[in-house]
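Here the structure is laid out as structure tokens; the discussion comes afterwards.
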Amino acid sequence: MTNITQPSNLPIIDQHSSPKCVRVCQNRTCKKQGAVKVLAAFIALPIPGVTVTASSCLGQCGNGPMVISVNLRLKPICQR
Numbered sequence: 038m039t040n041i042t043q044p045s046n047l048p049i050i051d052q053h054s055s056p057k058c059v060r061v062c063q064n065r066t067c068k069k070q071g072a073v074k075v076l077a078a079f080i081a082l083p084i085p086g087v088t089v090t091a092s093s094c095l096g097q098c099g100n101g102p103m104v105i106s107v108n109l110r111l112k113p114i115c116q117r
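Set out below in structure tokens:
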């Protein structure tokens, strides 16, 4: 039997590498586009070894609620 400690859709985290962080823009334009819910979703579904924080403007607010990952590869998710 395989011991699974993390859902398969989450990235595998190397605890010995650089710190990993997800930042979610909380600027006015991103908030109007749902950034508060995006931040809440990241906080509600934590990824071990990854810090989630609110961010000031990331410079792309016209493209939807912006999320940036630092030292972490995330799969893009788009709903249109």
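Whatever position you read off the sequence shown (first residue = 1), add 37 for my numbering.
By construction, the Cβ of each residue, glycine as well, lies at the ideal position given by its N, Cα and C atoms.
Everything numeric in this text was worked out from a predicted model, so none of it was measured.
Classify residue i: buried if its beta carbon has 16 or more other beta carbons within 10 angstroms, exposed otherwise.
i, result
"Val89", "buried"
"Leu82", "exposed"
"Arg60", "buried"
Any heavy atom of the ligand ADP inside 7 Å of the beta-carbon of residue i?
i, result
"Lys74", "Looking at this structure, you won't find the ligand ADP or any other ligand, since it has none at all."
When you compare each of the options to residue i by their alpha carbons, which one comes out closest?
i, options, result
"Val73", "Ser92, Ile84 and Gln63", "Gln63"
"Gly101", "Gln70, Ile84 and Phe79", "Gln70"
Under 8 Å Cβ to Cβ from residue i, same chain only, skipping five residues before and after it: list those, please.
i, result
"Cys58", "Val87, Thr88, Val89, Thr90, Ser106, Val107, Asn108 and Leu109"
Just to confirm my understanding: we take residue i, look at its own chain, exclude 5 residues before and 5 after, and list those with CB closer than 7 Å. What are they?
i, result
"Cys122", "With the chain covering 38 to 117 only, the question about residue 122 has no answer from this structure."
When DSSP builds the beta bridges, which residues end up paired with residue i?
i, result
"Ile105", "Arg60"
"Ser92", "Cys62"
Suppose the cutoff is 6 Å on Cβ atoms and the five residues either side in sequence are ignored; what does the same chain contact list for residue i look like?
i, result
"Ala77", "none"
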